[in-house]
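**Student:** When the letters of the sequence shown are read in order and numbered with UniProt numbering, they come out as residues 1 to 795. All C-beta atoms in this analysis are idealised placements derived from N, C-alpha and C, irrespective of residue type, glycine included.
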Amino acid sequence: MASTSAAGAAASSGLVDATTQVSRFHAETLTQVTNGLDLPGVQLAVDFKALLEDAHIQLRPGSRYGLIGRNGVGKSTLLRVMGERTLIGMPSNLRVCYVAQEASGSTERTVLEEVLAVDPQGAALDRQIADLEAALDSGDAATIAAAVAAANAGRAAAEADAAEAIAYKRSGLRGLRARQAAIETQAKARAAAATAAAAAARAARGGGGSASDDGSGGGSDGDSSEAGDEASEQLPPPTLEEAEEAAHELLNELYEAQAEADPDEARARAASILAGLGFDAARQAGPTAALSGGWRMRLALAAALFARPDLLLLDEPTNHLDLEAALWLGAHLSGPACEGLTLVVVSHDRAFLDAVAQDTIVFKDKQLRYWTGNYTAFVAARAAAHAAKATKIAALEKKKKHIEDSIQEQNRKARQAGDDKQLKQAASRRKKLEERFGSDKTENGRRFKLSKHGYFGMSKRPPVVMEQLEKPVEFRLPEPEPIRYSGPLLQLRSVSFRYPGAPSAALRAVTLDVPMGARLALLGPNGAGKSTLLRLIAGTARPTPAGDDDDGGGAGGGGGAARAVGAQGPSKRAAAAARGLAITAAAVPTAKAAAAAVGGAGSVERHANLEIGLFGQHTVEELDLESNALERATAIVPSLREQDARDFLGSFGLGGRLATQPLRTLSGGQRSRAALCFVLLRRPHVLCLDEPTNHLDLDATEGLARALRAYPGAVVLASHDVRFVDEVLGTGDDPVTGGVTGGVTPEIYVVGGGGAKKWTKGGAAEYAATRLEKMQRAAAAGGGGSGGGGARRGG
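Below you can see the structure in the form of structure tokens.
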């Protein structure tokens, strides 16, 4: 057993202890010939809290797995210890790429260069070729010899490091042989380093320039320098012809390796991946330092896809993607470009999991259980297995009762007749019933034999154990205060918005109504203006004039209203609206007056008693991580009793100790629940949600959909999860139970081109299918994948 501990990169910054059962006598602990993974006896703990106990990680090469489990069970931690190789037993030759939920850091390289840089072998080839070509151009024999010697020393050092790693892991006779081989390779590496140092010293004395040792590790320290000086006195200098011949021979090898890599093809492939994830040409050529957190996540994902690893680990990859990019990613991962790749993905997006995963891993009860098929197939298979076990248990109980009744009848007759022999037979039958009663079938349906399938000391058949299904996640959303008003609670009339310095308006002349009980969904690519529109509805942003740099084309009917009243000129109230003031319905009593402001900013009319809650894309990031959920809840509503606050937090899965733990110690999903809880504490009449399912698990996503479906207030939702949208609005083929209150017809708006156009051809799934079909046609025509208009702001 080998173990490792590391300070994890998770938000909790807890001590992560990851152990697995490995053997010192087998090479599979070091290298393997496939890109699968087989690690038995895995133990995983964070701050001494066990997450996995004697689990088995078993990944077939070339298979794609969806890893599911409740928030906080340890999915992200498991991926991290595998990706960072802090889990001892990971094969050394297995190339692993891990993309976490959040990315940090940036460089001065361009986005395209950053992706190309993830190929270390290609970068090393380029450096070695450049060094040798520069040495040949110098025409100096000593300089050329130094460059060749440095390259050879680097190769020897790499071989020595590999041999040392093998020797460290093996023991016994195999270990002895491995250590002998390591000693030999280390001697060769030292000799190559001395030769490189000698060549460099000769080149320096001869004025031919100095050659880099290219990471050989032996030509820069004091011992190597002294050895190089001594060797330079003993070894005769090579002639120019000999040095050039050796350099050309090495260059030919490097050229062949570079030709196999095909740098032009690599650049084209990197650009195609970036385009699929939403990077247009301008953003690809821009510096990574200018990217926001969401775009850095896309860049990390693009780099992982470009690297073509053996094992790819993705933690919520769709969190920062729009619908088009998520569709492209699902098609890319399941397409020929990723053939042979072993993939493990954690995602709350059921449609994405169904498109990508071939098998499902369930992280539950500190174990990993494997199911064939994607998430939908797993749900059906689990339900069928649960029903089959229930039927089996019922049949066994019925059989047991029949045998017990028979034994009782035999006992009764034996006592009446005074037959001791029959009494002994009845007692023997009862003993056999107690010892042998249980499942007569194995898990794969074969007949159970105690001698074959039992273990040492086992004297009874195993009982049929019914798996305890987890309780469905139920969110308790507080009802808003009643408003005695039958009209729209909120109205947008020809509303426009333009960011300072932007070349065009993000939104222009958008008009829509939000009545009580409304269900509105906003779809569209990142940067189209969905988040901006939510902020305008919530009142955290004010309308601004669109300007005259383009000819508008806004959706939603605002243009018609403007034409009807344009000749009248704006009133004082309309002029106030045009200056960007968010005014109430009492201030602008008619839509006509508001529409008169179309040449400016438009108006937002709200009921005087309206309470609006906004869950934005950065709401979770803005939490005070040093506070706890209970403190925050009572600060938002000072009149709330502590027990009531605990009950409310408990309905969001934050009961008990979680309510008083610092938020920094919670998982991403638990923090997301806390942020949503804080928004709902104010009992809003209109709930504006911007990607609320990010960081939630699948069960929580489905529970939130049920709660929002039954919420008596209005819901305005922006999400790339089309199944979640359809469940909330009731527009899907398989909606969750419970109807939308108020009888208001749900509406879907496609935001883009500065407007918001109503979608009337079905639900969100139909819109996604239409977009995917369009993307496939564009790709077939040579247009390539597109992740949407990522260059615009305010998405």
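Are the CB atoms of Gly278 and Asp322 within a distance shorter than 8 Å?
**Tutor:** Position 322 of the sequence shown, counting from 1, holds the residue named residue 322. Position 278 of the sequence shown, counting from 1, holds the residue named residue 278. The answer is yes: Cβ separation under 8 Å.
**Student:** Excluding the 5 residues preceding and the 5 following Ala575 in the sequence, name in chain order all residues of the same chain whose CB lies nearer than 6 Å to its CB.
**Tutor:** Within the sequence shown, numbered from 1, the residue matching residue 575 stands at position 575. Legend: pLDDT at Ala575 = 42, less than 50; position of this residue unreliable, value from coordinates given subsequently. Excluding sequence neighbours, Ala575 sits near nothing in its chain.
**Student:** Identify, in the order they occur along the chain, each residue of the same chain with its Cβ nearer than 6 Å to the Cβ of Gln358, setting aside the five sequence neighbours on each side.
**Tutor:** As a working mapping, residue 358 is identified with position 358 in the sequence shown. Correct list, in chain order: Ser63, Arg64.
**Student:** Please give me, in chain order, every unbroken run of the alpha helix (DSSP H) with length at least 4 that falls completely inside the segment 674 to 733.
**Tutor:** Whole alpha helix (DSSP H) segments, 4+ residues: 698 to 710, 722 to 729.
**Student:** Using 8 Å as the threshold, is the C-beta distance between Arg673 and Phe652 below it?
**Tutor:** Sequence index remark: in the sequence shown, residue 673 carries index 673 (1-based). Sequence index remark: in the sequence shown, residue 652 carries index 652 (1-based). Yes.
**Student:** In chain order, which continuous runs of the beta strand (DSSP E) of length 3 or greater are located wholly inside the segment 295 to 369?
**Tutor:** As far as the segment 295 to 369 is concerned, its whole beta strand (DSSP E) runs of at least 3 residues are 311 to 315, 342 to 346, 359 to 364.
**Student:** So, helix, strand or coil for Asp140, using DSSP?
**Tutor:** In the sequence shown, residue 140 corresponds to position 140, counting from 1. Asp140: coil per DSSP, three-state reduction.
**Student:** So for Ile537, helix, strand or coil by DSSP?
**Tutor:** Residue mapping note: residue 537 aligns to position 537 of the sequence shown, counting from 1. Three-state result, Ile537: helix.
**Student:** Which residue marks the beginning of the alpha helix (DSSP H) containing Ser76, and which one marks its end?
**Tutor:** Numbered from its first residue, the sequence shown carries residue 76 at position 76. Residues 75 to 83.
**Student:** In this structure, does DSSP put Arg648 in helix, strand or coil?
**Tutor:** Residue mapping note: residue 648 aligns to position 648 of the sequence shown, counting from 1. It is worth fixing the name first, because residue 648 is Phe in this sequence and not Arg. Helix at Phe648.
**Student:** On the DSSP letters alone, give me the boundaries of the alpha helix (DSSP H) that Ser272 sits inside.
**Tutor:** Within the sequence shown, the letter at position 272 stands for residue 272. Residues 263 to 276.
**Student:** Between the beta-carbon of Asp349 and the beta-carbon of Ala100, is there less than 8 Å?
**Tutor:** Position 349 of the sequence shown, counted from the first residue, corresponds to residue 349. Position 100 of the sequence shown, counted from the first residue, corresponds to residue 100. It is not a contact, given that the beta carbons lie outside the stated cut-off.
**Student:** Alpha carbon to alpha carbon, how far is Pro746 from Phe615? Give it in angstroms, no decimals.
**Tutor:** Along the sequence shown, read from residue 1 onward, the residue named residue 615 stands at position 615. Along the sequence shown, read from residue 1 onward, the residue named residue 746 stands at position 746. For Phe615 and Pro746, the distance between alpha carbons rounds to 20 Å.
**Student:** Quick one: what's got a C-beta closer than 7 Å to Leu507's C-beta in the same chain, skipping five residues either side?
**Tutor:** As a first step, residue 507 must be located in the sequence shown, where it is residue number 507. Result list for Leu507: Val495, Ser496, Phe497, Gly529, Thr532, Leu533, Gly754, in chain order.
**Student:** By Cβ distance below 6 Å, which residues in the same chain neighbour Val750 in space, the five residues on each side in sequence not counted?
**Tutor:** For the purposes of this step, residue 750 is taken as residue 750 along the sequence shown, with counting starting at 1. These residues qualify, in order along the chain: Leu523, Gly524, Lys757, Trp759.
**Student:** Output needed for Asp229: all residues of its chain with C-beta closer than 7 Å, excluding positions within five of it in sequence on either side, in chain order.
**Tutor:** Your numbering for residue 229 matches position 229 in the sequence shown. Reliability fails at Asp229, whose pLDDT of 47 lies under 50, so the model's placement of it is uncertain and no value is given.
**Student:** Give the DSSP bridge partners of Glu605, in chain order.
**Tutor:** Locating residue 605 in the sequence shown gives position 605, where the first residue counts as 1. BP columns for Glu605 point to Gln491.
**Student:** Go through its chain and collect everything with a Cβ distance to Arg429's Cβ below 7 Å, but skip five positions before and after it.
**Tutor:** Position 429 of the sequence shown, counting from 1, holds the residue named residue 429. Answer for Arg429: Ile407, listed in chain order.
**Student:** Assess, as a yes-or-no matter, whether the segment 510 to 524 is touched by the segment 708 to 721 under the definition of 3 or more beta carbon pairs within less than 8 Å.
**Tutor:** Segments in contact, yes.
**Student:** To the nearest angstrom, how far is the alpha carbon of Arg657 from that of Gly276?
**Tutor:** Residue mapping note: residue 657 aligns to position 657 of the sequence shown, counting from 1. Residue mapping note: residue 276 aligns to position 276 of the sequence shown, counting from 1. So the two alpha carbons sit approximately 43 Å from each other.
**Student:** What's the call for Leu540, buried or exposed, on a 16-neighbour Cβ count within 10 Å?
**Tutor:** Here residue 540 refers to the residue found at position 540 of the sequence shown. Looking at the sequence itself, residue 540 is Thr, so the reference to Leu does not match. Exposed: under 16 other Cβ atoms inside 10 Å.
**Student:** Let me know the alpha helix (DSSP H) ranges lying completely inside the segment 619 to 674, each 4 residues or longer, listed in chain order.
**Tutor:** If we require 4 residues or more, the alpha helix (DSSP H) runs fully inside the segment 619 to 674 come out as 629 to 636, 642 to 650.
**Student:** In angstroms, rounded to a whole number, what distance separates the CA positions of Glu467 and Ile361?
**Tutor:** As a position in the sequence shown, residue 467 is number 467, starting the count at 1. As a position in the sequence shown, residue 361 is number 361, starting the count at 1. If I take the Cα positions, the gap works out to 16 Å.
**Student:** Buried or exposed: Ala303, going by 16 or more other Cβ atoms within 10 Å of its Cβ?
**Tutor:** To locate residue 303, count along the sequence shown from 1; it is residue 303. Buried: at least 16 other Cβ atoms inside 10 Å.
**Student:** Judging by CA-CA distance, which residue of Ala145, Thr544, Val510, Leu274 is the nearest neighbour of Ala246?
**Tutor:** In the sequence shown, counting from the first residue as 1, residue 246 sits at position 246. Cα-wise, what sits closest to Ala246 is Ala145.
**Student:** So what does DSSP say about Gln617, is it helix, strand or coil?
**Tutor:** Locating residue 617 in the sequence shown gives position 617, counting from the first residue. Three-state DSSP puts Gln617 in coil, outside helix and strand.
**Student:** Quick check on Ser504: does DSSP put it in helix, strand or coil?
**Tutor:** Taking the first residue of the sequence shown as 1, we reach residue 504 at position 504. Reduced to three states, the DSSP call for Ser504 is coil.
**Student:** Could you spell out the range, first to last residue, of the beta strand (DSSP E) harbouring Ala100?
**Tutor:** Numbered from its first residue, the sequence shown carries residue 100 at position 100. Where Ala100 is concerned, there is no enclosing beta strand (DSSP E), given that its DSSP letter is neither H nor E.
**Student:** For Gly72 and Asn609, I'd like the C-alpha separation in whole angstroms.
**Tutor:** Position 72 of the sequence shown, counted from the first residue, corresponds to residue 72. Position 609 of the sequence shown, counted from the first residue, corresponds to residue 609. Roughly 38 Å separates the two Cα atoms.
**Student:** Using the C-alpha atoms, what's the distance from Thr19 back to Val81?
**Tutor:** Stepping through the sequence shown from its first residue, residue 81 is reached at position 81. Stepping through the sequence shown from its first residue, residue 19 is reached at position 19. Cα to Cα, Val81 sits roughly 10 Å from Thr19.
**Student:** Determine whether the beta carbon atoms of Arg606 and Leu490 lie at a separation below 8 Å.
**Tutor:** Within the sequence shown, residue 606 is the residue found at index 606, counting from 1. Within the sequence shown, residue 490 is the residue found at index 490, counting from 1. Contact flag set, yes.
**Student:** Secondary structure at Phe475, three-state DSSP: helix, strand or coil?
**Tutor:** Within the sequence shown, numbered from 1, the residue matching residue 475 stands at position 475. In the structure shown, Phe475 sits in coil (DSSP, three-state: anything other than H, G, I, E or B).
**Student:** Can you give the Cα-Cα distance for Val16 and Glu53, rounded to whole angstroms?
**Tutor:** Your numbering for residue 16 matches position 16 in the sequence shown. Your numbering for residue 53 matches position 53 in the sequence shown. Their Cα atoms are separated by approximately 14 Å.
**Student:** Per DSSP, which residues does Glu159 bridge with? Please list them.
**Tutor:** Residue 159 sits at position 159 when you count from the first residue of the sequence shown. Paired residue(s): none; Glu159 is not in a bridge.
**Student:** So what does Tyr749 bridge to, in DSSP terms?
**Tutor:** Numbered from its first residue, the sequence shown carries residue 749 at position 749. Tyr749 is bridged to Leu522, Lys758.
**Student:** Alpha carbons only, please: which of Gly655, Leu623, Trp371, Leu333 is nearest the one belonging to Leu305?
**Tutor:** Looking up residue 305 in the sequence shown gives position 305. Nearest of Gly655, Leu623, Trp371, Leu333 to Leu305, Cα basis: Leu333.
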